[in-house]
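Okay, so the sequence shown: first residue is -4 according to our numbering, each after it adds one.
These notes concern the structure reproduced below.
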Amino acid sequence: MNTLTEENINFIYQDVQLKGLSLDSLLDEMVDHICCSIELKMENGISFQTAYNNLMDTIESSTFQNLQHQTLLSTNLKFQNMKKSMVVLGTLSAFFMTAGSILKFFHLPPAAALLLLGTVIAVFGFFPLFFYTSNKESLEKKNVLIPIIGYLTITFIMIGVLFRVNHYPGAEKLLLIGELLLLLLFLPLYLANAYKKANEVKTNFAYVLLLVLIGIGIISMWSVTRIPREVIEKFDAINNSAINVSQIFERQNDSILKILQTKESYTESRPNIEEIKTLGATLENQINAIKNELKEITKSNSVDNINNKENHTAFRKAMLKDNNANKLKEGFANYKAAVLEMVENEYQKETLSALLDFEMFTELKYERGFKSTSLIEGMAMLSGMQRNINIAEYEVLSTIK
């Protein structure tokens, strides 16, 4: 049986120390393992030097340094407490964000508080500890920009999502900053570093699981950026009121027109009245076509009973399809011009001009391409347009003697 000589053992001690292992207890244990492995190989007739070289070829150059570094960290009570705290905070954050998202979906009161609590724990608890402990566990000093930019990126994105869910101002700006940091700084730096260290990276699946859970929490928050129930009810009421008022004035207009048709003066004003009626009908048809498009997009049974009223993309799709928004704007301009031409009273002109102001209805939504305009808000906007068209027609017909 081949055994190692004192000289062989001393050689192993010296070489392992040169490779970065200096902790006595760990050094003795490691040398003992190496000696056992080499003796097994030497029993097959392999020389000590060959057996030792073959064994070292299977071990990465930084293994001994990393082993000692991890051993020292494992005996550091403060560091271990930080890691345990990180796991607890990460779990709590994921739980609160997911629970808050579920409650938000059903419009239950504690939702906002849970989402806020989960975000605060993640941003000011879990992620600082995660980036700190990850950097501490790495023997080689990483580019300090990576954890800093990573932390800022996740902070802006998470707070931006929270603001958007709870309808706080500034959400879009926060998300934009987070996205720019992610795309322009964090990802290029992280991927470049990962490519360089591709053969040395070892995955800690516990950390990955926590990150996945928190990611699910963020996605859940994002998916429930629903309008509060009271806001939906408010726009529903505005929409229904506009429809009812529009129908009332439509009946009034028909009655007035029948009376006007019996008068001799009707012949003179008939061309202008017919022009207004035609332009108004064209506008209403355009609006009804957009409403029907919304019905198709949301797979609703009828325009009066639209599904998914908090949808933030359906109205934009309907308005941009077939250039509907621009056609509607042009139609309003033509109708407004025809109406104002038939009115002489300046005060009445100002009133009608305000009633038929397309920009007043759409505010900045038209310029922004109707981004983030909810379906129910859009429906109320369209019904309001129809109401004002009929009111304007009533005002004009009422002035004709």
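Backbone N, C-alpha and C define an ideal beta-carbon position, used for all residues, glycine too.
Checklist entry - When the Cα of Ile268 is compared with those of Leu84, Met153, Lys396, Gly379, which residue comes out closest? => result Looking at the Cα atoms, Lys396 is the closest of the given residues.
Checklist entry - Between the C-alpha atoms of Lys73 and Ala375, what's the straight-line distance to the nearest angstrom? => result In a straight line, the C-alpha of Lys73 is about 59 Å away from that of Ala375.
Item to check | Given Leu110 as reference, the closest of Tyr127, Pro123, Ala89 once Cα atoms are compared | outcome: Considering only alpha carbons, the answer is Ala89.
Next on the checklist: Just to confirm my understanding: we take Lys322, look at its own chain, exclude 5 residues before and 5 after, and list those with CB closer than 8 Å. What are they?
Outcome noted: So the qualifying residues of the chain are Gln281.
Checklist entry - So what does DSSP say about Ser297, is it helix, strand or coil? => result For Ser297, the secondary structure class from DSSP, reduced to helix, strand or coil, is strand.
Checklist entry - Quick one: what's got a C-beta closer than 6 Å to Asn319's C-beta in the same chain, skipping five residues either side? => result Annotation for Asn319: Ile285 place their beta carbon closer than 6 Å to its own, counting only its chain and skipping 5 residues before and after.
Item to check | Gln242, buried or exposed, once every other Cβ within 10 Å from all chains shown has been counted against 16 | outcome: Under this definition Gln242 is an exposed residue.
Next on the checklist: In whole angstroms, give me the CA-to-CA distance for Val26 and Ala187.
Outcome noted: Rounded to whole angstroms, the gap between the alpha carbons of Val26 and Ala187 is 36 Å.
Checklist entry - Where does Thr346 sit, in a helix, a strand or coil, going by DSSP? => result Three-state result, Thr346: helix.
Item to check | Whether Phe310 touches Gly379 by CB criterion (8 Å) | outcome: Against a cut-off of 8 Å, the Cβ pair of Gly379 and Phe310 comes out as no contact.
Next on the checklist: If distances are taken between C-alpha atoms only, which option among Met37, Ile172, Asp352 comes closest to Ile152?
Outcome noted: For Ile152, the nearest C-alpha among the options comes from Ile172.
Next on the checklist: Out of Pro183, Thr53, Tyr389, which one is the CA nearest neighbour of Leu255?
Outcome noted: Nearest of Pro183, Thr53, Tyr389 to Leu255, Cα basis: Tyr389.
Checklist entry - For the alpha helix (DSSP H) that contains Asn340, what are its first and last residues? => result Taken as a continuous stretch (DSSP letters only), Asn340 belongs to no alpha helix (DSSP H), as it is neither H nor E.
Checklist entry - Smallest Cα separation from Phe327: which of Ser369, Leu370, Leu274? => result Among Ser369, Leu370, Leu274, the Cα nearest to that of Phe327 is on Leu274.
Next on the checklist: I'd like to know whether the C-beta atoms of Gln140 and Ile116 end up nearer to each other than 8 Å.
Outcome noted: Contrary to the premise, residue 140 reads as Leu rather than Gln in this sequence. It is not a contact, given that the beta carbons lie outside the stated cut-off.
Checklist entry - Which one of Phe91, Ala166, Leu278, Glu1 has the shortest CA to CA distance from Ile384? => result Comparing Cα positions, the closest option is Leu278.
Item to check | Which of helix, strand or coil DSSP assigns to Thr368 | outcome: Note: Thr368 maps to coil in three-state DSSP.
Next on the checklist: Using 8 Å as the threshold, is the C-beta distance between Ile271 and Leu289 below it?
Outcome noted: Note that the C-beta distance between Ile271 and Leu289 is not below 8 Å.
Next on the checklist: Output needed for Met81: all residues of its chain with C-beta closer than 7 Å, excluding positions within five of it in sequence on either side, in chain order.
Outcome noted: Only Phe121, Leu124, Phe125, Thr128 meet the Cβ criterion.
Next on the checklist: If the criterion is Cβ atoms closer than 8 Å, does the pair Ser369 and Glu291 meet it?
Outcome noted: Note that the C-beta distance between Ser369 and Glu291 is not below 8 Å.
Next on the checklist: Tell me the DSSP secondary structure of Thr53 in three-state form.
Outcome noted: If DSSP states are grouped into helix, strand and coil, Thr53 belongs with coil.
Next on the checklist: What does the alpha-carbon distance come out to for the pair Asp10 and Lys131?
Outcome noted: Distance from the CA of Asp10 to the CA of Lys131, rounded to the nearest whole angstrom, comes to 26 Å.
Next on the checklist: At the level of alpha carbons, what is the spacing between Gln381 and Ala237?
Outcome noted: Those two C-alpha atoms are separated by around 8 Å.
Item to check | Cβ separation of Ser32 and Leu13, assumed to be a contact under 8 Å, to the nearest whole Å | outcome: In fact, because the Cβ distance is near 19 Å, the residues do not count as touching under 8 Å.
Next on the checklist: With the cut-off set at 8 Å, would you say Leu386 and Leu335 are in Cβ contact?
Outcome noted: Reading the sequence as shown, one finds Ile at residue 386 and not Leu. Cβ distance not < 8 Å, so Ile386 and Leu335 don't count as in contact.
Checklist entry - Relative to the alpha-carbon of Asp299, which residue among Asp352, Leu252, Asn234 has its alpha-carbon at the smallest distance? => result Ranking the options by Cα distance to Asp299, first place goes to Asn234.
Checklist entry - If we ignore side chains and look at the alpha-carbon of each, how far apart do Tyr330 and Met355 end up? => result Met355 has its alpha-carbon roughly 15 Å from the corresponding atom of Tyr330.
Item to check | Leu179 and Thr148 closer than 8 Å at C-beta | outcome: Their beta carbons are not under 8 Å apart, which means Leu179 does not touch Thr148 by this criterion.
Checklist entry - Taking Cβ positions, are Thr417 and Ile154 nearer each other than 8 Å? => result This structure leaves residue 417 out entirely; the chain is present only between -4 and 396.
Next on the checklist: Whole angstroms are fine: how far does the CA of Pro183 sit from the CA of Phe230?
Outcome noted: In this structure, the CA atom of Phe230 is about 44 Å from the CA atom of Pro183.
Checklist entry - Looking at Lys312 and Phe353, is the spacing between their C-beta atoms short of 8 Å? => result Between Phe353 and Lys312, the CB-CB gap reaches or exceeds 8 Å.
Next on the checklist: Classify Ser393: buried if its beta carbon has 16 or more other beta carbons within 10 angstroms, exposed otherwise.
Outcome noted: By the neighbour-count rule (16 or more Cβ atoms within 10 Å), Ser393 is not buried but exposed.
Checklist entry - Straight-line CA distance for Val240 to Val118? => result Taking the straight line from one Cα to the other gives about 50 Å.
Item to check | Asn303, DSSP secondary structure in three states | outcome: Under the three-state reduction of DSSP output, Asn303 falls in the coil class, being neither helix nor strand.
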